[in-house]
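Be aware that the sequence shown starts at 1, since it is given in full-length UniProt numbering, and climbs by one per residue.
C-beta atoms are modelled at their ideal positions from N, C-alpha and C, and glycine is treated no differently.
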Amino acid sequence: MDFQEFKEKYQHKEVTTNSNKVENTPLVSVCVQTYEHAAYIRQCLDGILMQKTDFVYEILLGEDNSSDGTREICMEYAKEHADKIRLFLHHRENNIKIDGKPSGRFNFLYNLYNAKGKYIAICEGDDYWTDPLKLQKQVDFIAVNEEDYVGVYTNYNICDLDGRVIESRKLKEDHPPFFDKLSVFGKHSSQTLTVMYKNIPEAVDKMSEFTDFLNADRVLAVMMAQYGKIKYLDFVSGIYRWGSGIHSMKSARIKRATRFELYKIFKLTFKQKEDVVLAINQRMNDLYIYEICRCIVRGKPKKAFHYNNLRRVETGMPIENFLPKLLKYIYRSLISRVKNIWTKKVIIP
Numbered sequence: 001m002d003f004q005e006f007k008e009k010y011q012h013k014e015v016t017t018n019s020n021k022v023e024n025t026p027l028v029s030v031c032v033q034t035y036e037h038a039a040y041i042r043q044c045l046d047g048i049l050m051q052k053t054d055f056v057y058e059i060l061l062g063e064d065n066s067s068d069g070t071r072e073i074c075m076e077y078a079k080e081h082a083d084k085i086r087l088f089l090h091h092r093e094n095n096i097k098i099d100g101k102p103s104g105r106f107n108f109l110y111n112l113y114n115a116k117g118k119y120i121a122i123c124e125g126d127d128y129w130t131d132p133l134k135l136q137k138q139v140d141f142i143a144v145n146e147e148d149y150v151g152v153y154t155n156y157n158i159c160d161l162d163g164r165v166i167e168s169r170k171l172k173e174d175h176p177p178f179f180d181k182l183s184v185f186g187k188h189s190s191q192t193l194t195v196m197y198k199n200i201p202e203a204v205d206k207m208s209e210f211t212d213f214l215n216a217d218r219v220l221a222v223m224m225a226q227y228g229k230i231k232y233l234d235f236v237s238g239i240y241r242w243g244s245g246i247h248s249m250k251s252a253r254i255k256r257a258t259r260f261e262l263y264k265i266f267k268l269t270f271k272q273k274e275d276v277v278l279a280i281n282q283r284m285n286d287l288y289i290y291e292i293c294r295c296i297v298r299g300k301p302k303k304a305f306h307y308n309n310l311r312r313v314e315t316g317m318p319i320e321n322f323l324p325k326l327l328k329y330i331y332r333s334l335i336s337r338v339k340n341i342w343t344k345k346v347i348i349p
């Protein structure tokens, strides 16, 4: 749906905006969505405002009517940086519920629809950028590779709620150098705080039809990848805060169930594209095999048979080299448990 249709369906109360002096033709629009982030939002905005660029960028700051002082901090920053920040003060009447619970989806989509830049970058209010050249490096690549690439993403670090860095996410050697319209459905994914995409209205329009699923990051990447490749750039651009977002707090069981439902909808969306449907089926097959291995290791053979039946119906694909996959799962589970006991920290999936 386009922006007008989106507002007619979801906007029940007019969004409040600030008076600003932001240029009408920025090269990059940075979308920031925030709610109950009083402890983190200053760090997020400072990481964006410190960007050193040879182009103009704007910050679209969407605040979801927090009760902890986040709204007041956003208003303060918007006043101090009126040449950079376009502030959208949202109302709970417009909130889109997912699984019966409030979400940040209206805020996120509202920012995307209002982005004026040729490119868009995203940083949630509890995450932050650490590289002052993050935007410049990404624009430098996309600008000279526009025929093939619609986006870029980078490495990142993970910190806990207290700000301690607990893990570095540098991509492994088997990680592809880019995502395309098929590989974007694979096991690897990009972290949204690191991405920059071309501003493609058609992709945003399509994404707005997926308001029933929490994982907006994956949906946006999938929609963008239908228009070109998304390149991996080997540098650390920011910090992802583990445990503060709705998606990171969801249980592993709920995440797995949601993932299967999302892929089913993807299959319906791209049913006219045989190569895309095949890529989705391959990924679903791998996920079902993972669930089968998990059930076997946990001594739940009936559930393993259940997942295998679902796998056959949904994908129609065979299980190849099952024993090596089962042994690999057992090995990785043991290593993960030992690591967790040794370091006494949260296992991050």
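Extent of the continuous alpha helix (DSSP H) run through residue i
i           : result
residue 47  : 41–49
residue 276 : 274–297
residue 218 : 216–225
residue 310 : 301–315
residue 4   : 3–10
residue 206 : 201–207
Residue from the options with nearest C-alpha to residue i
i           : options            : result
residue 58  : 40, 21, 36         : 21
residue 296 : 323, 270, 285      : 323
residue 104 : 141, 256, 161, 212 : 212
residue 7   : 187, 309, 114, 124 : 114
residue 91  : 110, 305, 180, 207 : 110
residue 142 : 27, 286, 264, 275  : 27
Residue i versus residue j: straight-line alpha-carbon distance, rounded
i           : j           : result
residue 291 : residue 55  : 48 Å
residue 300 : residue 315 : 22 Å
residue 346 : residue 332 : Legend: pLDDT at residue 346 = 48, less than 50; position of this residue unreliable, value from coordinates given subsequently. Taking the straight line from one Cα to the other gives about 16 Å.
residue 249 : residue 241 : Unreliable positioning characterises residue 249 in this predicted model, as indicated by a pLDDT of 48, which lies under 50. The coordinate reading is nonetheless provided below. Their Cα atoms are separated by approximately 11 Å.
residue 247 : residue 33  : Confidence in residue 247 is poor, its pLDDT being 48 and thus under 50, which makes the residue's placement too unreliable to answer from.
residue 199 : residue 328 : 40 Å
residue 87  : residue 96  : 20 Å
residue 131 : residue 233 : 13 Å
residue 205 : residue 31  : 16 Å
residue 42  : residue 273 : 44 Å
residue 207 : residue 138 : 23 Å
residue 430 : residue 73  : Past the edges of the chain, shown from 1 to 349, lies residue 430, and the structure says nothing about it.
residue 278 : residue 270 : 10 Å
residue 156 : residue 221 : 17 Å
Limits of the beta strand (DSSP E) - the one that residue i falls within
i           : result
residue 233 : 229–241
residue 198 : 196–198
residue 167 : 165–169
7 Å Cβ cutoff met for residue i and residue j
i           : j           : result
residue 154 : residue 194 : yes
residue 224 : residue 119 : no
residue 108 : residue 94  : no
residue 178 : residue 280 : no
residue 238 : residue 129 : yes
Next item on the list: Please go through the UniProt domain "Glycosyltransferase 2-like" (29–158) and give each complete alpha helix (DSSP H) segment of 4 or more residues, from N-terminal end onward.
Entry: 41–49, 70–80, 105–114, 134–144
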